[in-house]
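Trainee: Encoded as structure tokens, here's the structure I'll be asking about.
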Amino acid sequence: MLPRARLTAYALPALPLAALSLAAHVHLPTVYAGGIGLAAAGTALLVSRLVDGVVDPLIGLACDRGRLRRRVWMAAALPLLAVAGWALFRPPAGAGALYLGLWSSLFYLGLTALLVPYQAWGTELSPDYRERTRIAGWREAAALCGMIAALALPAVLALPVADALRTLYPPLVLLLAVSVGLTVLAVPEIRAAPIAGTGGLRVLLNNRPFRRLLAAQGLNALANALPATLFLLFVGDRLAAPDLSGPLLLAYLLTGVLSVPLWLRLARTGEKHRLWSVSLVLTALAFLPVAFLGSGDGPLFIAFCLLTGVGLGADLCLPAAMLADVTDEQTARTGDSRAGLYVALWSLTGKLALALAVGLSFPLLELAGFRPGSGQAPLALPLLYAAVPVALKLAAAGLIRRYPLDAVRQAALRQQMTIPRPETPPCAG
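Heads up, the sequence shown is in UniProt numbering, so the first residue is 1 and it goes up one at a time.
The structure is reproduced here in structure tokens:
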């Protein structure tokens, strides 16, 4: 079991990283749209996210090679992220779409170059089936705290969003630098065997447990992305309670943080895939009544935010720990570790889910005649916000119930990995 001091040193960077990510995702479009227009800001940010999506697997491949594969990448990515973030969160007067597109692309490049090796490092910190859940839980709890800080601090400072970002960025990036430095210095890195040959994505997609896990994660990511995308519209136009959006979101995230210890305790003896499947079903059942809420039901919606927040804790720590286990399936077969590429594909799935949520829901709502701020919410809004995510979560639960990698299988894989592999003799000259 990892000492708490070492676990804290590993988990700490997740807090500023999550705060910066959420600030960029939620606040930046509003800040820049006021100066260059919604369409120009949206286009610039879309291009930067497309570039980010292409880069994900490339960084995953690159950070799996070399002896010190994780800490070097994190240390190298930090200056790029810090400089790009400074330019992005503290823009000069007259900054246009080209400025936003350039610096947001560099910001997301730095963020991905830091996050992929960071999360891959977490999969390698322990070979133990139970301990991996603890590692993922600590990291994701820190990330949730970062999200809460990014949402709450602008309101606490009572500043306009643009001024709040200017004020908060320096201490956030300082915390990131200190925490990354602590991780690099205090957390051991596993010296993995060199990558055996090529194959890249093909090697991963031949991993049957990974295919099933990735499919379930994709369905669940889309189920979570739809309500995240439509949250403000649902609360403002369906519930007619726009002033409650902040408290509702904070209640959801706080419950997520507080539920992580519960899932960690259950995972000490239970199988991760069964726990996650149960969580998906219970969350779906708890969220289904939301489709029937209407104007004036804002206070009642708080109860549903608290109930589904418990499922958020499971969504964050259990699948991430399962991802660490599926890397063993491939390592036992090939002898090398490609955790960076696994994490990159995992990350890319989440980004595609967010893009799909926007790309599907907004056109469908427009087709249904929905106009934001009109006070008229067609049936399509609660269906997309609640009913479709419920169906997606139930489908993900069905997939993961038949997941083949449990504690017994993972222990057998670890045993197989300790057996020396025959070396290929050098070719005769």
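Quick reminder that beta carbons are idealized off the backbone N, C-alpha and C, glycines included.
Is L341 closer than 8 Å to L364 when the C-beta atoms are compared?
Mentor: no
Trainee: Does DSSP put A291 in a helix, in a strand, or in coil?
Mentor: helix
Trainee: Rounded to a whole number of angstroms, what is the C-alpha to C-alpha distance between R268 and R130?
Mentor: 6 Å
Trainee: Rank Q376, L239, P389, V281 by C-alpha distance to the C-alpha of D297 and give the top, closest one.
Mentor: L239
Trainee: Label L367 either buried or exposed according to how many other C-beta atoms from any shown protein chain fall within 10 Å of its C-beta, with 16 as the threshold for buried.
Mentor: exposed
Trainee: With DSSP as the reference, label L159 as helix, strand or coil.
Mentor: coil
Trainee: What is the DSSP secondary structure of D56, counted as helix, strand or coil?
Mentor: helix
Trainee: Buried or exposed: where does A186 fall if 16 or more other Cβ atoms within 10 Å of its Cβ makes it buried?
Mentor: exposed
Trainee: Taking the alpha-carbon of residue 430 as reference, which of A286, V390, N224 has the nearest alpha-carbon?
Mentor: Within the shown structure, residues of the chain are numbered from 1 to 429, placing residue 430 beyond reach of any answer.
Trainee: Which word fits residue 461, buried or exposed, when buried means at least 16 other C-beta atoms lie within 10 angstroms of its C-beta?
Mentor: The structure shown does not extend to residue 461, since the chain is modelled only from 1 to 429, so the question has no answer here.
Trainee: Which same chain residues end up closer than 7 Å to A9 when comparing Cβ atoms and leaving out the 5 residues on each side of it in sequence?
Mentor: L182, T183, A186, V187
Trainee: Going by C-alpha to C-alpha distance, which of L250, L232, V290, L318 sits closest to R265?
Mentor: Ranked by Cα distance from R265, the first of L250, L232, V290, L318 is L318.
Trainee: Can you tell which of V257, Y118, A23, G294 has its C-alpha closest to the C-alpha of W73?
Mentor: Among V257, Y118, A23, G294, the Cα nearest to that of W73 belongs to Y118.
Trainee: Say whether the region 214–232 touches the region 379–393, bearing in mind that this needs 3 or more beta-carbon pairs closer than 8 Å, one atom from each stretch.
Mentor: yes
Trainee: Would you check if the distance between the CB atom of L12 and the CB atom of S179 is smaller than 8 Å?
Mentor: yes
Trainee: As a quick exercise: from A355, L144, A397, pick the residue whose alpha carbon is nearest that of S279.
Mentor: Check the Cα spacing between S279 and each of A355, L144, A397: the tightest is with A397.
Trainee: Output the boundary residues of the alpha helix (DSSP H) element that contains G85.
Mentor: It spans 71–89 - the alpha helix (DSSP H) in which G85 sits, taken as one unbroken run.
Trainee: Under the assumption that P16 contacts L175 (Cβ atoms under 8 Å), give the Cβ distance between them as a whole number of angstroms.
Mentor: 5 Å
Trainee: Considering only C-alpha positions, which residue in the set G122, G101, V55, P91 is nearest to residue 431?
Mentor: This structure cannot speak to residue 431, because the chain is shown only from 1 to 429.
Trainee: If you drop the 5 nearest sequence neighbours on each side, which residues of the same chain put their C-beta closer than 8 Å to that of V26?
Mentor: The answer, listed in chain order, is A150, L151.
Trainee: So what does DSSP say about G37, is it helix, strand or coil?
Mentor: coil
Trainee: Taking the alpha-carbon positions, what's the L285 to P92 distance?
Mentor: 48 Å
Trainee: Taking the C-alpha atoms as reference points, what is the distance between H305 and A380?
Mentor: His is not the amino acid found at residue 305; the sequence shown has Cys there. Using only the alpha carbons, I get a separation of about 21 Å.
Trainee: Taking C-alpha atoms, which residue in V31, P372, D406 lies nearest to L165?
Mentor: Relative to L165, the option among V31, P372, D406 whose CA is nearest is V31.
Trainee: Look at the alpha carbon of R69 and the alpha carbon of A339, and state the distance between them as a whole number of angstroms.
Mentor: 10 Å
Trainee: Any idea what DSSP makes of E271, helix, strand or coil?
Mentor: coil
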